[in-house]
Structure formats: C-alpha cells, structure tokens
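Notes follow the structure.
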Amino acid sequence: MLSRSLSTETKHDPSHKKRDVGDNDGGDFLSKRSRVEESFSNIDLSTFQKKKSPVATRTGQACDRCKIRKIRCDARPEGCSPCMQNNTICRTTDRITGRATSRGHTETLEQDNAALASYLLELQQQLRDHGLEPKQSPEDILSYLSSEPGSRATSFSDAAQSHDNQPRGNARSPDTQISHQHIALPHFRAGCVGDNYFGVSTDNNALGSIEGTSLALFGTKIDLVEFTVGEGDPATAPMSYHSFLRYAFAETRQSHCDLPSFEKCKLYADWYFRSFQPFVPVLCRLDFSSLLNRIFLEAYQPSPAEVVMVHMLMASMDFQIHARNADEKCLQDSVQHYHYAIGFVPELIASHTLEDMQALTMICGHLRCQPRPGAAWWFTHTVMSLAIESGLHRSASAWKGSSFNQDPHHLEMRKRVFWTLLFYTVQISGKLGRPMPLRIEDFDIEVPKAIDDDLPSDLDLSPFRKCTYRAGIETAKLMPIVLNIYSTIYTINSTGQYERNAKRLGDELDTFYASIPNELKVGEHTKDEARVAALYLDLLVGEHQLLLHHPAVCRTRSPEVIARSLDKCLTWSTKILAAAVQLKSFKSLDTTLYGTTTFLAAIFITLFIMQQRRKEITKKSFRQLQVDIELWLDVFGEVGHLLGMAILDLCSGLC
1 MLSRSLSTET
11 KHDPSHKKRD
21 VGDNDGGDFL
31 SKRSRVEESF
41 SNIDLSTFQK
51 KKSPVATRTG
61 QACDRCKIRK
71 IRCDARPEGC
81 SPCMQNNTIC
91 RTTDRITGRA
101 TSRGHTETLE
111 QDNAALASYL
121 LELQQQLRDH
131 GLEPKQSPED
141 ILSYLSSEPG
151 SRATSFSDAA
161 QSHDNQPRGN
171 ARSPDTQISH
181 QHIALPHFRA
191 GCVGDNYFGV
201 STDNNALGSI
211 EGTSLALFGT
221 KIDLVEFTVG
231 EGDPATAPMS
241 YHSFLRYAFA
251 ETRQSHCDLP
261 SFEKCKLYAD
271 WYFRSFQPFV
281 PVLCRLDFSS
291 LLNRIFLEAY
301 QPSPAEVVMV
311 HMLMASMDFQ
321 IHARNADEKC
331 LQDSVQHYHY
341 AIGFVPELIA
351 SHTLEDMQAL
361 TMICGHLRCQ
371 PRPGAAWWFT
381 HTVMSLAIES
391 GLHRSASAWK
401 GSSFNQDPHH
411 LEMRKRVFWT
421 LLFYTVQISG
431 KLGRPMPLRI
441 EDFDIEVPKA
451 IDDDLPSDLD
461 LSPFRKCTYR
471 AGIETAKLMP
481 IVLNIYSTIY
491 TINSTGQYER
501 NAKRLGDELD
511 TFYASIPNEL
521 KVGEHTKDEA
531 RVAALYLDLL
541 VGEHQLLLHH
551 PAVCRTRSPE
561 VIARSLDKCL
571 TWSTKILAAA
581 VQLKSFKSLD
591 TTLYGTTTFL
601 AAIFITLFIM
611 QQRRKEITKK
621 SFRQLQVDIE
631 LWLDVFGEVG
641 HLLGMAILDL
651 CSGLC
C-alpha cells in the first residue's frame with residue numbers, strides 16, 4: 001500500500017516533469033537502444049529464424065483458402081494439410097506485392113534454374129569442342145564463378161563497385177552516363193563528344209581501365225591529363241598541342257637556332273646512340289657522324305631533313321638532361337631546337353624522301369618522350385600515313401623490276417624507319433586506348449638486320465655490341481604480337497574465342513621472351529648500355545603480359561584459366577617492379593605518362609590479386625607485399641620528379 005501510494009503521488013505531482021529526450025536519462029535511453037540495435041546487427045538474423053522455424057507448428061502466413069475459411073494452416077512444403085485433403089492448389093498471396101504463388105514455387109524455380117545452368121554449360125562445352133568460343137552471358141562478363149561473400153572468384157568490377165558504389169554495366173543510371181561522357185577533356189579536344197576510344201564505350205565497365213589518359217583503379221578514377229608540367233596555362237606551354245601547331249604550320253616560325261660547338265654535338269650524338277638508338281634506330285650512326293663532320297669542317301649546307309635531324313637530336317638530349325638533372329638552361333635550349341626544327345614540317349611532308357621520313361620520325365620520338373601526350377598521337381599517325389604513302393610498309397621484293405632504289409643500305413634504313421614509327425604509333429595508341437594504325441596483314445616489310453655501325457674510335461667492342469640497335473630488332477619482333485593482342489582482346493567487336501586467343505598470344509609472348517639474346521636479358525652478364533636495354537625489354541614484355549591477362553578483360557568462367565591468368569599477372573608485376581627499381585638506380589626511368597600507367601597497373605593488379613586471395617595470404621607474403629609497396633613508392637619518388645610532384649602525391653595517397 002505504501003509503494004502504491006508513493007507511485008500515485010508521483011504520478012499526480014504537478015512538479016514532476018516528463019522525461020525529455022535531451023536529458024541525461026534520455027541519453028541513457030538512446031544509448032540502450034543503440035546497444036540493442038548493435039546486438040541485432042552483429043548476429044545473423046536469418047540463421048536465428050531458421051533455428052526457430054523447425055519447432056513452430058504453424059506456418060508464418062496461412063494460405064488463402066485457410067485464411068478465408070479460418071481454419072488451422074500448417075507449413076508443409078508441398079502444401080498445407082487442408083489443401084492436400086481437399087486436393088486443391090495451396091496458394092498464398094504476398095501481403096506486400098499482392099502476387100499469389102503456389103507453395104513450393106521458389107524451390108521449383110531453383111531446381112529449374114540449376115538444371116538449365118547445367119544444360120547451358122554442356123552446350124558451351126560442345127561449342128568449345130568444335131573450336132567456337134561461346135557468346136558472353138548477358139550478366140557481367142567479369143563475374144567469375146561465384147558471387148558469395150568472401151569468395152575468391154569475385155570479379156574486378158565487383159571490387160571496384162564496393163569502393164565507389166556505382167551501378168555496374170548497362171544498369172548504370174542515365175545521370176552517371178552523362179557525367180561520365182562529359183568528364184574534362186584536354187583543352188585541344190574541347191569540341192569532342194566523349195572520349196571515343198576503341199574498345200571502350202562510356203558504359204562498358206569491362207574495359208573501363210583503358211580510357212585514354214584516364215585510369216580506373218579499384219574504384220578510383222585518375223585523369224592524367226590534369227597533371228601539368230611547370231607553371232602557366234598548358235595551352236601555351238612550349239610542348240603543348242597548340243604550340244606544335246603554331247610552330248609547325250607557320251603561324252609562328254622561329255627564324256634561326258644556332259648549333260652548339262662541334263665537340264658538344266659529337267658528345268650529344270655519342271650519348272644519343274648509346275641511349276635512344278638501341279630501341280629506335282632512325283639514324284645511321286656512320287652517316288650522322290659524317291654529316292656533322294661536313295657541317296662543321298667542310299661548310300656543308302644541309303638539306304631541310306638533315307637540319308631537322310641534327311636539331312632534333314640536340315633537342316632530345318637537352319630535354320633528357322633537364323628531366324634528370326633539373327637543368328633549366330638545357331630545357332630552354334631543347335625548346336629552341338625543337339621549335340626551330342618543326343618549322344620545317346610542311347617541307348618535309350611535301351618531299352616524301354627517306355631522309356624526310358627519318359626527320360619526321362625523330363620529331364615523333366621527341367613528342368613521345370614528353371611527360372604529357374600533347375600532339376604525339378595525332379602527329380605520329382600523320383607521319384605513318386606518309387610512310388604508307390611512300391611505300392615504307394612494303395617489302396623491297398614488291399618493287400623488283402622498277403626503278404626503285406635497291407641499295408642494301410637504303411633498304412635497311414627503310415626497315416628501321418618503318419619499324420620505329422610503328423613502335424611509336426602502337427605504343428601511343430595502345431596507351432591512349434585508340435585504334436591501331438595497321439593490321440599485321442597490311443604490311444610485309446621485313447625486320448631489320450643487325451649490321452655493324454661502330455665508328456673507328458670505338459675500341460674493344462664485342463661482335464654483339466658493334467651493332468647499336470639490337471634491342472630495336474627485338475622490339476620489331478614483338479610488335480606483331482602486340483598488334484594481335486589489340487586486334488583480338490582490346491577491340492570494339494570481339495572476335496570471340498577468348499581462351500584460345502589468350503593462350504596462343506601468351507605462348508607467343510613466352511616464346512619471344514625466351515628467344516631474346518642472352519646479351520639483352522637481365523642478369524649479371526649484361527654490361528653497360530645493354531643493362532638498360534634489357535630492363536626495358538622486360539618492361540615491354542611485362543606490360544603486354546598484363547594487358548593480355550588483366551582481370552578486367554578476362555572473359556572465361558574456367559577457374560583454372562582464371563587462376564593461371566592471375567598467377568601470370570602477379571609474376572610479371574614482380575618483374576616490372578624489379579626492372580623499375582634498377583632503372584631508377586641507373587637514372588633511366590621513362591619521362592612519360594605512358595610508362596607511369598604500366599607501373600600503376602602493376603601495383604593495383606598486385607593489390608587486387610592479394611585481395612582476391614586474402615584467405616590464403618601468409619604473414620610472409622603480406623610482409624613481402626609491404627616491402628613491394630615501399631619500393632614502388634620509392635620508384636614514384638623519382639617519377640614524381642620527372643612528371644611533376646602531383647603524381648607522387650597521388651600515388652602516395654592511393655598506396
């Protein structure tokens with residue numbers, strides 16, 4: 001009675017205040033509620049319900065007949081007992097959707113789906129047995145075999161989706177498509193509609209990692225055209241697209257540019273033939289040495305093509321010295337030589353001689369070496385069109401019986417110019433995700449021969465080193481394989497037969513890599529300039545191994561093929577890292593965005609594979625991953641100085 005009276009007094013006490021949510025007691029109430037919610041969120045409610053269901057004697061929702069007749073309904077899977085006794089279909093109307101389904105409907109659909117999936121696999125295997133690759137399923141072509149949480153066979157696009165929470169494939173919302181199509185384009189393509197890259201429609205996640213200079217890495221999109229080199233407006237930068245057009249086509253023409261001293265020209269030429277010549281043998285070393293002697297010692301008046309070749313060699317070497325030593329005077333000299341040389345472009349285009357093609361190809365090489373793409377892609381394709389017009393893509397045997405110059409030296413120089421130009425166009429087009437200039441069926445010119453081009457001043461050279469462009473010959477052998485990769489794997493209209501094409505091209509890459517001469521293979525036996533050449537050959541092969549086996553283009557559901565592809569990517573990512581570390585120690589890293597994209601691909605493919613295999617990872621392999629990332633950050637420290645600190649800060653944040 002006393003307690004009842006106390007509670008009554010409290011209830012009717014006018015001074016008693018109702019609890020406010022903002023009071024401390026209210027805070028305790030919210031805290032208790034949050035703890036309750038947290039306790040429910042930490043358990044599997046479906047499992048809890050399954051344990052409760054077997055002990056229940058009644059169904060969760062009565063069927064329509066039992067509900068209307070108000071009789072007891074049970075949970076028999078094939079139908080409740082009253083419906084079974086009455087020999088009627090046991091139907092239940094969903095309270096939310098209003099749709100009536102018979103008892104056991106879901107189980108029947110699951111059985112039918114499993115049977116049809118098994119039948120589909122049998123039909124696909126029959127197609128493969130007859131040499132045909134089945135058409136991709138309408139669902140995401142990247143989904144491997146399982147969509148269960150924690151499964152090793154999670155797709156690359158699923159991993160990206162977990163980061164950016166974007167819709168996948170064609171299910172992307174219209175707003176997303178529009179914003180993607182109108183991402184910031186470079187200033188020189190302001191009038192373009194979308195990106196328009198080969199094999200990459202704006203709603204295609206499968207090839208979303210290749211969109212020009214834009215990269216999609218674990219849901220993070222990086223547009224490399226946003227990085228500026230130096231200060232000021234990129235449109236007015238000396239190496240920009242607009243600058244090239246102004247100086248090349250006479251809107252602004254640099255009247256003259258003096259050559260440095262004879263000794264400096266000879267020194268630069270020696271450095272050029274030791275650094276550039278091994279991969280891009282555009283010039284003949286003997287002929288160029290003779291040209292310098294005639295210009296400085298015999299008062300020879302060079303032709304426009306010869307003027308361009310000399311000045312572009314100076315421009316290239318000055319730029320490399322500036323990039324690696326931050327020498328501003330060399331940068332100014334490089335820009336002057338470059339602007340003066342490209343003023344001869346209209347004359348070179350009109351002439352069409354072999355010397356003109358050599359000069360134009362050297363301009364392409366200098367454009368390609370710049371940190372930003374600029375006019376490199378457009379001009380290399382223009383020069384390739386001139387090369388085809390001049391017949392450089394055809395074998396000399398096609399011109400037998402005509403007045404065509406059959407001098408052996410002339411024929412070899414034609415080969416060297418064409419294969420160098422093809423190397424530039426394929427590399428730039430592939431990195432920017434644009435169509436290849438030629439198919440392998442469109443040319444029949446032979447690979448250059450190894451011909452000694454050592455000077456009398458070169459002493460104690462081995463027979464192998466007497467030819468300065470051995471690596472360029474190996475690169476020419478690689479180009480047909482690369483063209484096949486782009487024409488079968490990275491193309492708008494896929495040829496199908498992914499597994500067969502991937503295996504064939506992978507075998508061709510392995511065969512090529514094994515056939516590289518020992519003098520150009522990474523190891524203690526490689527010496528002097530051959531070490532850098534060997535490392536860049538490793539990078540070239542590794543880059544295209546990643547392209548071929550990249551998880552984003554894997555179109556198979558075979559777990560064995562998927563595992564082999566990931567193993568291949570992991571192996572070559574490790575080799576790319578080893579090559580990058582050594583090139584950094586030699587101060588020979590590439591100065592371009594193209595090389596940087598290969599490094600980024602190797603980093604994030606490694607991280608993706610580790611994420612897929614996280615249940616199998618050991619402490620040792622995890623520690624090795626940490627060491628590798630530290631090495632990559634060290635490499636990007638050098639890359640940051642070559643391209644501008646923005647790329648370094650970006651990669652540090654991502655890693």
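At position 564 of the sequence shown (counting the first as 1) the number is 564 in full-length UniProt numbering, and the numbers step up by one without a gap.
Heads up, the beta-carbon is just placed ideally off N, CA and C, and yes, glycines get one too.
Note that the coordinates shown come from a computational prediction; the quantities given were computed from them, not determined experimentally.
In angstroms, rounded to a whole number, what distance separates the CA positions of residue i and residue j?
i           : j           : result
residue 315 : residue 472 : 21 Å
residue 589 : residue 581 : 9 Å
residue 458 : residue 237 : 40 Å
residue 115 : residue 109 : 10 Å
residue 506 : residue 112 : 39 Å
residue 612 : residue 255 : 60 Å
residue 332 : residue 493 : 46 Å
residue 340 : residue 291 : 19 Å
residue 524 : residue 351 : 47 Å
residue 522 : residue 121 : 44 Å
residue 474 : residue 541 : 11 Å
residue 127 : residue 392 : 42 Å
residue 243 : residue 428 : 20 Å
residue 249 : residue 338 : 14 Å
residue 387 : residue 123 : 48 Å
residue 530 : residue 572 : 21 Å
residue 610 : residue 87  : 57 Å
residue 488 : residue 508 : 14 Å
residue 599 : residue 554 : 20 Å
residue 69  : residue 81  : 14 Å
Using the rule of at least 16 other Cβ atoms within 10 Å of the residue's Cβ for burial, across every protein chain shown, is residue i buried or exposed?
i           : result
residue 100 : exposed
residue 289 : buried
residue 538 : buried
residue 96  : exposed
residue 618 : exposed
residue 623 : exposed
residue 370 : buried
residue 335 : buried
residue 365 : buried
residue 320 : buried
residue 72  : exposed
residue 501 : buried
So, helix, strand or coil for residue i, using DSSP?
i           : result
residue 299 : coil
residue 128 : helix
residue 62  : coil
residue 488 : helix
residue 102 : strand
residue 92  : strand
residue 336 : helix
residue 523 : coil
residue 78  : coil
residue 83  : helix
residue 440 : helix
residue 382 : helix
residue 393 : coil
When you compare each of the options to residue i by their alpha carbons, which one comes out closest?
i           : options               : result
residue 439 : 484, 532 and 466      : 484
residue 383 : 467, 129, 615 and 357 : 357
residue 268 : 298, 246 and 311      : 311
residue 107 : 79, 119 and 278       : 79
residue 93  : 117, 124, 60 and 82   : 60
residue 279 : 468, 626 and 406      : 468
residue 361 : 629, 123 and 276      : 276
residue 579 : 504, 89 and 602       : 602
residue 266 : 414, 304, 249 and 286 : 286
residue 133 : 510, 420 and 498      : 498
residue 372 : 263, 408 and 597      : 597
residue 511 : 81, 545 and 583       : 545
residue 591 : 353, 630, 635 and 620 : 635
residue 586 : 605, 262, 535 and 375 : 535
residue 389 : 374, 400, 293 and 349 : 349
residue 245 : 359, 258, 367 and 297 : 367
Below 8 Å on the Cβ atoms is my contact criterion, and I expect residue i with residue j to pass it. Report the Cβ-Cβ distance as a whole number of Å.
i           : j           : result
residue 395 : residue 444 : 5 Å
residue 549 : residue 568 : 5 Å
residue 91  : residue 64  : 5 Å
residue 426 : residue 482 : 6 Å
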